[in-house]
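Chains as they are written, first to last, in the numbering used here: chain A, 1 to 551; chain B, 1 to 551.
For each residue, glycine too, the CB sits at the ideal point set by N, CA and C.
In what follows, a structure is listed as structure tokens, so that the remarks can point back to it.
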């Protein structure tokens, strides 16, 4: 044996930050303001939670459900559960009850840690979760009078109170499971992806590279992306490892509150889906200069494609660099980043156009991962920026199968078939097209709803745009655009169509433009096109060209 | 199996850069100027070299010696040898013949790739290297008439000429050996450290973090640190992985040439030992403004402690951030970095004093490694910035033992005993004191030669300072300072001593100050204190207080 065979365990990474930056703060939003504790406090409380969990019968390999907003106790749960060798089972608080029921029973979670304000969502499940022996309730201001009929309820603080720090993390195999995340499946039951210590360790190392998001110990990280959504994009682990200041919004996710929190805490790096940043932009535009966001340097956005007009606005109005990432539950989740370092910083950047061209792409695969595009027979397509194909991915933080739910059809050899569609350019940058199901198939040709949305978003007065397919007897499908306007803005259908015709061919233009108050979002904050299509169907919507003259 | 079991092989990392930045250049200094090839060329040539090596009988596990300056063919050798599963055996061109002889025979290298200008150093070994079957000679301008009596000589270009690209890298165990580096041992025979794919893979991931050296694909990397010295600090792998522009000085390492090359190629990041940067400073000071170093943003320095006055000069005169790293052959070699990102860049940094205080430290352990200090009974010492102890290190890129040369005395449990001495402060930053053998033990107290050197270097007119111990009948040892002055500078012994007395107690002051033309360097470019002491002994040097009145 030439080199040490140190197993790649998360406990070895994440205790580092508390030693390096013991006094740096973990900040959680509350009704009245914020709660604050240091990294050292967080370490001690994570150790105490581990003692309490072990005392409650949680051992290596046991699943512990966590049903919480982003906050300090959620972070402690990440730390304690993973490092003690148990399995952190993230529960998406926005899932419908029948899905929650299914995944808790499928995972066989023994204990659930839940925020008190979320208990009403769990209450309907009482009596239907035979594996759950205990519920630990994290209580924030105003929820002191919580109650639940789930078994063994105990206040989180009472639960950890008897214990002191100094939990000895057990030796584990580096391929031991660490967490379990279920995809919010668009078809069929949710499917679980079981992360392992080694896979998350490597993912954490990769995401701290300069060309990923440039994450540094000196960053103040604002985690808008929910920690119940694919490991919070790995930020909890990375921020603990580096010892960053961490700011979390808990349940206070209105755009106004997010902006205020970023300003008050001098946030330097924020993460979330594009719809969040569209809403934040709306708040900033409504009262220019009202909030000091001068500390904010980078926004990491992913989950769906970043509209170029959005990146341009943040760059020009706030001097903020937007970084697009692409990934999914099956890829831990970070797979590609649009970022190349642009000189010393946005303000002095010499090539904003080059930057804006790059951020419109999903970017280059993180070192260690491989990304490929293929045709319908799985033949690799050229990396010429032109040809569009199904995106495949493989590497040490890509799943090999689903948890107790084999899906051989989701893999091709050792490649994961992502269900996303894209192009790869001659510098190996991935450019996302639509997810297959979001492409509009018209007259045997494909129309990209993302391209149409991005173009419509660049029109002044447009806050959000969503393009969906509607059935058509002749053309198979035709696109329809739903548009949310900025407060006070006015636009006519013809103005939108004329703007589209600057770039798109006649057959690619939407058949209709509907002005709406809002676009429904999925549990992970993306535009919910399935819901949009369902709403249109329910309201009896018909394409203009198919409407019968009234009798 | 939940996540993919992708083995951590270097071939999976380093081909990435050529796909991302195929047209980016690899630049090698020549007598007349530079040789240039693209990343794509380098990939193709590495594949051709692998074909040729396999044809010459090199298989998985075989050692291939490389006796070369930093240049494109050396880089190709790194790539081909490692990825084909053979073992890259770095030969330090500055080693004495008897050490070379020993390590080539100890490693049982089958083939050697050597620069033509270095053949005279190998010639004396002809007939004494039974394992070596073939020598491949890399020929630069002016050395076309090379000859050697080593077996099977062939020109490098002729060797790879018959082959085309498309070598299929074999599947390997991730713990398969990759390279073999011998320490330039201060006592006893050189000892080999055998690196593995997994250990170098993890080392490469860690060194690309923002808080390590902020390495980015957009950097132009100038590798002054020799690639025959501990994997060139890992830069060859990292630069290939990211697709950086790489600049290498080959044998042209005069400070004047280094400065010119940095200016001509718009280098952004340079790596080398402190003595290099002292010499470069001297060149810059001699002709201020003669060379445009405005692109240079960061210098990574290690191998010995970085004098604070040197870091201050680069910061103030050139706006360059210096980053101190600490490590050794046994740690692959990077273990700690002084860097925390200082805002958007040096020019706009708000806290230069804070920066200068940090760069004087060896820094924080890279994520994955653990560093500890202990007393003589191996009891851990407090991290209070005060207590000095032996430095221990462990982690996945620390060696577990030496190659065919077990040294149980060098380990304590799974900790490597580094032989270095230091303090750890309350933010877990390592501060180097001397190597144990370089401390001066006077009257039962320790005097730090590094502290004295750093202080003397801050005196205007001083170019280099070296403090060594001399035996003393009463005090055991007493310090003596050797000083090299800047060109044209004049200083008296008393001025140096008076300057030292501003900070040090009377008993800590050097007993003598000797003005010398130069300080001898080790094969890795550090001050060779063993040679300094030997020179003093040979010249019959006696401490002033011990000199007899002449008879």
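List the residues that DSSP assigns as beta-bridge partners of residue i.
i, result
"residue 195/A", "179/A"
"residue 270/B", "222/B and 299/B"
"residue 416/B", "393/B and 411/B"
"residue 425/A", "DSSP, once it has assigned bridges, lists no residue as partnering residue 425/A."
"residue 562/A", "Given a span of 1 to 551 for chain A in the structure shown, any question on residue 562/A remains unanswerable."
"residue 67/A", "114/A"
"residue 153/B", "135/B"
"residue 561/B", "Outside the modelled stretch of chain B, which goes from 1 to 551, sits residue 561/B, for which no answer is possible."
"residue 209/B", "209/A"
"residue 372/A", "392/A"
"residue 399/A", "3/B"
Just to confirm my understanding: we take residue i, look at its own chain, exclude 5 residues before and 5 after, and list those with CB closer than 6 Å. What are they?
i, result
"residue 474/B", "none"
"residue 394/B", "370, 414 and 415"
"residue 95/B", "523"
"residue 584/B", "Since the first residue shown for chain B is 1 and the last is 551, residue 584/B is missing from the structure and cannot be characterised."
"residue 531/B", "520"
"residue 276/B", "224"
"residue 345/A", "Here the model assigns residue 345/A a pLDDT of 37, short of 50, so the residue's position is not dependable and the matter cannot be decided."
"residue 45/B", "76"
"residue 12/A", "none"
"residue 74/A", "68 and 227"
Below 9 Å between beta carbons: does that hold for residue i and residue j?
i, j, result
"residue 402/A", "residue 193/A", "yes"
"residue 470/B", "residue 511/B", "yes"
"residue 227/B", "residue 248/B", "yes"
"residue 261/A", "residue 34/A", "yes"
"residue 422/B", "residue 416/B", "no"
"residue 230/A", "residue 109/A", "no"
"residue 246/B", "residue 66/B", "no"
"residue 289/B", "residue 324/B", "no"
"residue 427/B", "residue 72/A", "no"
"residue 447/A", "residue 420/A", "no"
"residue 495/A", "residue 546/A", "no"
"residue 274/B", "residue 238/B", "no"
"residue 280/A", "residue 255/A", "yes"
"residue 17/A", "residue 180/A", "no"
"residue 39/A", "residue 363/A", "no"
"residue 330/B", "residue 283/B", "no"
"residue 199/A", "residue 4/B", "yes"
"residue 335/B", "residue 388/B", "no"
"residue 407/A", "residue 452/A", "no"
"residue 322/A", "residue 298/A", "yes"
"residue 252/B", "residue 29/B", "yes"
"residue 87/B", "residue 61/B", "yes"
Pull up the CB-CB distance for residue i and residue j, whole angstroms please, since I reckon it's below 8 Å.
i, j, result
"residue 10/B", "residue 50/B", "About 13 Å; that fails the 8 Å criterion."
"residue 293/B", "residue 215/B", "Between residue 215/B and residue 293/B the Cβ distance is about 19 Å, and since that is not below 8 Å, they are no contact."
"residue 513/B", "residue 534/B", "So it is not a contact: roughly 20 Å between Cβ atoms."
"residue 89/B", "residue 107/B", "5 Å"
So, at 7 Å on beta carbons, what are the nonlocal neighbours of residue i in its own chain, with the 5 sequence-adjacent residues on each side left out?
i, result
"residue 155/B", "137 and 139"
"residue 116/A", "137, 138, 139, 140, 143 and 146"
"residue 123/A", "148 and 149"
"residue 551/A", "Because residue 551/A carries a pLDDT of 49, less than 50, the predicted location of this residue cannot be relied on, and no value is offered for it."
Please work out which residues of its chain come closer than 8 Å, Cβ to Cβ, to residue i, disregarding the five sequence neighbours upstream and downstream, and give them in chain order.
i, result
"residue 425/B", "361, 383, 384, 385 and 431"
"residue 347/B", "The predicted model places residue 347/B with a pLDDT of 36, which falls under 50 and marks its position as unreliable; any figure quoted below should be read in that light. Closer than 8 Å at the Cβ level, and outside the excluded window around residue 347/B, lie 319."
"residue 607/A", "For chain A, the structure presents residues 1 to 551; residue 607/A sits outside this window and is missing."
"residue 8/A", "174, 197, 198, 201 and 202"
"residue 209/B", "366 and 367"
Start-end ranges of the alpha helix (DSSP H) lying completely within the stretch 94-139 of chain B, minimum 4 residues: 97-107 and 119-122
Residue ranges of each alpha helix (DSSP H) within the stretch 442-522 of chain B, 4 or longer: 449-457 and 493-501
Length at least 3, wholly inside the stretch 300-370 of chain B: the beta strand (DSSP E) runs in chain order: 321-327 and 334-337
Every unbroken beta strand (DSSP E) inside the stretch 4-57 of chain B [3 residues or more]: 25-29 and 34-38
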